[in-house]
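What follows is one structure encoded as C-alpha cells, with my remarks underneath.
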Ligand code: TXA
Ligand code: MG
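In our numbering, the protein residues as written are 5 to 347.
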C-alpha cells in the first residue's frame, strides 16, 4: 500500500478526514503520542487497525471525540464523578472507561461492555475528528509491542506502507499515553498511569481513587526486596504473569534501581563490563526528579538508541511511587521485560 504523507494544513486535514470517512486508516498527532485512527463506527476499518499494528483483536481501543458532549454517543450515564473529570481534564490526556451504550461496535471495544473515551488536547487531532464527522478510534500508531511513537518519524518507521496516510505534526508534548481510569465501579480505578496523577484525579472529584491490582503487582517489582549487595545474580527473573513484550526496544534492556549514586555507579560498571565483551551499550538516565521531562523523552530515547544499533540499554529507575515518575516507570519496566537489577 502506498502511504500518503500529509501535513497539518487545512487542505491536508480535509484529505485525511475523507480517508477516515471512506474507511481508511490515518496516523495523526495528539498531545500524548501519535494515534492510528479509523472511523469508530466502521467495523471493517477498525479491523484494519488491528491488522496494521499486528495487534490481537481483543485489545480494546480508545475512541477520540472533538467535543465533550460527544461522549453521549457512547454511554447513557454520566455520574457526577465522570462530569467532574471531564470538566477538569478534557481536552487532555485522560481516558475515561464508561459503560457502553448499545450500538457501539464490539470490534472497537474488544467485545467489552465498556468503552474508553478521550478528548485529545491537540489542534490537528481535533480538526481531524471534526472534519471526519465521526469519533475516531485510535490506538497508538506503533507496531504492536514497540515503543509508542512521539514523533512523525517514529510513525513513518513503523507504519509506512501499512496504512493509507500519515499526518506529520509536531513532536508530542506529553510523550506517554493518557491516564486510563475505569469509571464503571464504586471507586474510580486507574488502569494505566499517566501525567494526570491519582492525586490530581482525587482533587477533582473529592474522593480516593485506586490503582488496578495489576499495577500494584508491577510496582512491587521495584519497591520490595531492598537487596543491598551488588552482583550479577541480582537480575530479577521475568515474572511469569508479565511475559508479554510491550513498548520493547530491539535492544536488551536492564533497569537499575536503587539510591541514585549507586545506580550511576552500577550503570558505569555494567557498561564497562558489557563493552569489554564487544557489546554496544546505551544509557538511559534522566535528571533526578525531572519526571515530566522523562515522560516527554522516554519513548523517543528508546527509539533513538535502537536507531543507533545498541545491543543493550541500561536504564536508571526513577524514584517515584505515585506521580508522573511512576507512570514512566510503568513503561520502563515493561520495556525491559521486568529485567531489574537492584543496587
Ligand atoms: O494517549 C493515548 O491514550 C493514546 C493516544 C493515541 O490517544 N492512545 C493509546 O491507545 O495509548 P492504546 O490502544 O495504545 O492504549 C489504549 C489502552 C489499552 O491499555 C487498552 O487496554 C485500554 O486503553 N482500554 C481501551 N478500552 C478499554 C476498556 N473498555 N476497558 C479497559 N481498558 C480499555
Ligand atoms: Mg499502545
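Yeah, the Cβ is synthetic: ideal placement off N, Cα and C, and Gly gets one too.
- In the three-state reduction of the DSSP assignment, residue 200 falls in the coil class.
- Closest by C-alpha distance to residue 269, out of 252, 289, 15, is 289.
- If you measure from each CB to the nearest heavy atom of the ligand MG, the residues under 7 Å come out as 143, 144, 146, 152, 181.
- Looking at 217, 167, 129, 114, the one whose alpha-carbon comes closest to that of residue 35 is 129.
- With 16 or more other Cβ atoms inside 10 Å of its own Cβ, residue 68 counts as buried.
- The nearest non-hydrogen atom of the ligand TXA is less than 7 Å from the C-beta of residue 101.
- In the structure shown, residue 212 adopts coil according to DSSP, grouped into three states.
- If you look at residue 266, you'll find it isn't in any beta strand (DSSP E); it sits in the alpha helix (DSSP H) that goes 264-280.
- About 20 Å separates the CB atoms of residue 33 and residue 137; that is not less than 8 Å, and the two are not in contact.
- Residue burial annotation: residue 325 is exposed, with fewer than 16 other C-beta atoms found within 10 angstroms of its C-beta.
- Straight-line spacing of the CA atoms in residue 14 and residue 183 works out to 30 Å.
- Rounded to the nearest angstrom, the Cβ distance from residue 209 to residue 85 is 5 Å, consistent with a contact under 8 Å.
- Closest option to residue 25, judged by alpha-carbon separation, among 42, 264, 57: 42.
- Within 7 Å of the C-beta of residue 68 there is at least one heavy atom belonging to the ligand TXA.
- A Cβ-Cβ distance of about 10 Å is found for the pair residue 20 and residue 29, leaving them out of contact under the 8 Å criterion.
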